[in-house]
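Protein chains in written order, with the numbering used here: chain A, -10 to 144; chain B, 109 to 451; chain C, 89 to 452.
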Amino acid sequence: MIINFLKKVFLIDLLQGLSVTLKYQFTHKVTIQYPEKVKESRERFRGILRVYRDGEGKQLCIACKICQKACPEDCFDIEGQKNTEDNKMRPVKFDWKLYRCSFCGLCQEACPTDAIKLSKEFRMATRDKSKLFFTLDQMYSDYDLNKHFRGESKK
Amino acid sequence: MSNSLAADLIIPIIKIIIVGLFPLIMVMVMVWLERRVVAFIQLRLGPNRVGFQGILQPIVDAIKLFFKEDITHTGVDKVLFNISPVLVLFSSILAFCFIPLGGTMQIGTYNLNFWVAESPVGLLLIIGISSISVFGVIFGGWSSNSKYPLLGALRSVVQILSYEIPVAFSVLSIIFFSQSMNMIDIVNRQKDAGIWYGFMLPVSFVIFWISVVAETNRAPFDLPEAESELVAGFHTEYSGIKFAYFYMAEYAHMVLASSLAVVLFFGGWLPPFPNVAALSFLHVIPGFVWYLLKIMFFLYLFIWIRGTFPRYRFDELVRLAWKWLIPLSLLNILVIAFVRSFA
Amino acid sequence: MAFKEILLNMGPQHPSTHGVLRLKVALDNEVVMKVTPVLGYLHRGMEKLFENRTYQQITPLTDRFDYLAAISNNLGYLLAVEKLMGIEVPKRAQYIRVIFTELQRLASHLAWVGFFANDIGAMSVLLYGFIEREDILEIFEEYSGARLTVHAFRVGGVPTDINDKIIDMINTFILKLPKRIADIETLLTGNRIWKHRTIGVGVISPEDAISLGLTGPSLRSTGIKWDIRKDIPYSSYQDFQFEVPTSANGDLYDRYVLRLEEIKQSMRIIRQALDTLPQGETLTKVPRVLKIAPGEVFHSIEAPKGELGFYIKSNGTDKPERVKMKSPSFINMQSLETMCLGNLFADIVAVLGSLDIVLGEIDK
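Listed below in structure tokens is the structure:
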């Protein structure tokens, strides 16, 4: 009772609060200075969609259009044609609309050949809406997205 | 002849310019310091890009604000709307005339005083002049023809009405000891006494500090501009340079309040323990630097408090003033008067 | 002296309406006479959108519903779908679901403590809550690849198993969280200004709370012990030992203390789930084109904000005929006026903050 009263008179509760904030002033800061230091994306990060080839540089996509059906946002427009070399369906048209994509990851789970995967790239800001539309050539994983979105600027 | 002209005219003019600029420079430093310290409390970094550690950030902000469109919306009382930002900033800068920023320095035969004006009622003048700013707040809030500013202005009136009284009472206890309302005399008496009044009269100081935080509309008493309730309070409708005036005035008031606290309670330009011979080497450091260090501490305290505490509610704010601070300060004065006259 | 009533428009552009809520407030000086919420500024037609998507495609949309607790929405919807299909989710998947929904509850409550404190003026607590929330989001990113719109579960289970790295991350997080909670408590719980602002403010009686359909921590703060995790267990919640904290006063302070207590209970559940994680499958085989026989179902879960219910009507195709959501924020907000009347203007902000509303959930 008396202790509580004394605590109140000597503003102990307020001083305790001040001591906490004082302590925080001298602890490590958590801010990441973005353009200089880019946070590493996690293993399963769902960034921009890319089409992958297998180890020997062969096409994996068989234009089955399962991703197109799985996509909730209707991002894909794929057309396939029978390839004479390996007698498999290969995409001749693979239009993908970044401006519709919500990065839910349903397409990469649906893909039977692991040809498409959401990559770790997350920097997709641009002033030009036409850059949010990708054709087959631009969908491959070796396509330079850095140049695509940010011109020749350094990485 | 030319010597006296310099002494009588040129030096005062230079002093006036410096004293006029001093609060504004401090405002710049404060804006930067506030954003950095609050960021540090919150484990962020704050502005650190413009200039060394972001020190030029307030200047950039000010330039931005000066070039922003100055909107005067319909239904505004134009005269009051334009006057009020000036009134608020002007009153806080004017009060600096009576604040001694340092002691007297001998340059040849000339005694350079670090204050613009010396008045036997300096303390009263400061309190009076700085209270003018509340008119700016009220006019600004009322003339905006908008509801949030109006509520902010109403709160501001109540706040100033309540907290002027404990300020006056706590300052009164200083006058018991200094026997003078001259700011320079008050500092000199602290030198004679050998102890700063803040350590002699801690209760007065705590009351003074709480009330002064409330009067400068700072957290946890920032009700007239409570962000989460009244958007921006009395200056919601202001933009551009007029907003910059209000913004600077808030910080200028903080500088003024810290200066008052330093001069009245912490020995102005005096070094710690001014009469202890062993510490006389501290006198080497100019008085202005001591003054600056002390006000920086109090300005930091303002920010630190802001980063820590929740905001008071309107009714609790008034209750705190009338039920606690005013009775306590009255009792404090009674005790001090008693001790003073019998001891 | 009589004051004229001031009619004040709070929002949709206002710093503390948690998004785009608009309140029409009638004030007598500063005393609240009337509060009318005006909704619809964030309306996206979610329920209609659901009708045009397959059952699997709806799950990522539920993320956008209560965006501070995306995983809880996923779980609520998926449990309803699975109940409608009549399938049983593997035990390991159920446990993983529990771990992540409880982590989501932690994230939601931590964000709430921050927002609530910020509404009352303690601005640093917001960041302290967010730093811990950040760690949870990192765990989500490691698990599913996204931080906010997590899309963590699928029909029939969970898409990916948790690995040792995720378990490590969760364990270090749970060890570190109590320290931060202690700091937040030092800053707020004992603070006299905080007590002034919260004790005895925004009081609601148990009778009013029930008749207004209040759920979640706000209901439990009035002393009614109602937690769906305990009373109608789902997703293996019956396997875990945890308390349902209640308190008697039904004011803001109780809601604050209660949520902090719930954070501790959630950590307890996560620890138990990690310790007793069963081995086995994580995903039941579900046909890619999921057609559900005609029927209807209602299933509700205890989301961080209250009772989150999904009503689904199927018609034999791969798309639902109707989905209706019972969103806790929407229903809890009805009690705003009851809690605010006669209090001061500043209390509206505090009460609104205490209800833990998310506009994505109110406007759908």
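Every residue gets a Cβ at the ideal spot worked out from N, C-alpha and C, and that includes glycine.
* Could you check what DSSP says for B/Ile121 in three-state terms: helix, strand or coil? => helix
* To do: Could you tell me how far apart the beta carbons of C/Lys179 and C/Gly304 are, in whole angstroms, since I believe they sit closer than 8 Å?
  => Rounded, the Cβ-Cβ distance is 27 Å, inconsistent with contact.
* Could you say which of C/Met427, C/Ser417, C/Glu390 lies nearest to C/Tyr165 if we only look at CA atoms? => Residue C/Glu390 is the option with its Cα nearest to C/Tyr165.
* **Separation of B/Gln267 from C/Gln326, as counted between CA atoms** => 55 Å
* **Cβ of A/Lys18 within 8 Å of any chain B Cβ** => yes
* Asked: chain B beta carbons: is any one of them nearer than 8 Å to that of C/Ile208?
  -> yes
* Asked: Helix, strand or coil: which one does DSSP assign to B/Ala429?
  -> helix
* Residue range of the alpha helix (DSSP H) that includes C/Gln329 -> C/Gln329 -> no alpha helix (DSSP H), and no H or E assigned at all.
* To do: Taking only beta carbons into account, state which residues of the region 8 to 42 of chain A come closer than 9 Å to chain C, listed in chain order.
  => Ser8, Val9, Thr10, Lys12, Tyr13, Val19, Ser30, Arg31, Glu32, Arg33, Phe34, Arg35, Gly36
* Pick from B/Leu202, B/Ala301, B/Leu280: whose alpha carbon is nearest that of B/Ile126? -> B/Leu202
* Which residues DSSP lists as bridging C/Val126, in chain order -> C/Arg110
* Which residues, taken in chain order from the region 131 to 150 of chain B, show a beta carbon closer than 9 Å to some beta carbon of chain A? -> Val145, Ala147, Phe148, Ile149, Gln150
* **Secondary structure of C/Thr189, DSSP reduced to three states** => helix
* Asked: Could you give the residue range of the alpha helix (DSSP H) that holds C/Gln367?
  -> Taken as a continuous stretch (DSSP letters only), C/Gln367 belongs to no alpha helix (DSSP H), as it is neither H nor E.
* To do: For the beta strand (DSSP E) holding B/Thr212, just list the boundary residues, first then last.
  => 212 to 215
* To do: With DSSP collapsed to three states, give me the class of C/Tyr399.
  => strand
* With A/Gln14 as the anchor, note down where its beta strand (DSSP E) starts and where it stops. => Careful: A/Gln14 lies outside any beta strand (DSSP E), inside the alpha helix (DSSP H) at 1 to 14.
* To do: Could you name the residues of chain A that B/Thr416 contacts, counting a contact when the two beta carbons are closer than 7 Å?
  => Gly6, Leu7, Thr10
* To do: With 8 Å as the threshold, decide whether the Cβ of B/Trp94 is near any Cβ in chain A.
  => Not covered by the structure: residue 94 of chain B. The range shown for chain B is 109 to 451.
* Asked: Under 8 Å between C-beta atoms, does B/Arg419 make it to chain A?
  -> no
* Name the residue from C/Thr370, C/Glu449, C/Ile436 whose alpha carbon lies nearest to the alpha carbon of C/Gly394. => C/Glu449
* Do you know how far the Cα of C/Val439 is from the Cα of C/Leu115? -> Cα to Cα, C/Leu115 sits roughly 16 Å from C/Val439.
* Do we get a CB-CB distance below 8 Å when we pair B/Trp317 with the residues of chain A? -> no
* Asked: With 16 as the cutoff for other CB atoms within 10 Å, does B/Ile393 come out buried or exposed?
  -> exposed
* Is A/Ala59 near A/Cys96, with beta carbons less than 8 Å apart? -> Taking 8 Å as the Cβ cut-off, A/Ala59 and A/Cys96 qualify as a contacting pair.
* **Other residues of its chain near B/Met109: CB distance less than 6 Å, five sequence neighbours each side excluded** => Below a pLDDT of 50, predicted positions are generally treated as unreliable, and B/Met109, at 46, falls in that range; the measurement from the model is reported next regardless. Nothing listed; no residue qualifies.
* Interface partners of C/Ser402 on chain B, CB under 8 Å -> Going along chain B, no residue has its Cβ under 8 Å from C/Ser402, so there is no contact; the nearest lies around 45 Å.
* To do: Determine the extent of the beta strand (DSSP E) in which B/Tyr218 is found, giving its start and end residues.
  => 218 to 221
* **CB-CB length for B/Leu153 against A/Thr20, believed under 8 Å** => 4 Å
* Where does A/Ser119 land, buried or exposed, given buried means 16+ other C-beta within 10 angstroms? -> exposed
* Asked: What in chain C is Cβ-close to B/Ala327, meaning under 7 Å?
  -> Under the 7 Å cutoff, chain C gives Gly209.
* Determine the DSSP secondary structure at B/Leu151, reduced to helix, strand or coil. => coil
* DSSP state of C/Leu236, grouped into three classes? -> coil
* Identify each residue in the region 259 to 286 of chain C for which the Cβ-Cβ distance to at least one residue of chain A is less than 7 Å, and report them in chain order. => Asp271, Thr274, Leu275, Gly278, Asn279, Arg280
* Asked: How should B/Met98 be labelled, buried or exposed, when 16 other C-beta atoms within 10 angstroms of its C-beta is the threshold for buried?
  -> Nothing about residue 98 of chain B can be reported from this structure: the residues present for chain B run from 109 to 451 only.
* Asked: Quick one, are the C-beta atoms of B/Leu197 and B/Met356 less than 8 Å apart?
  -> Contact flag set, yes.
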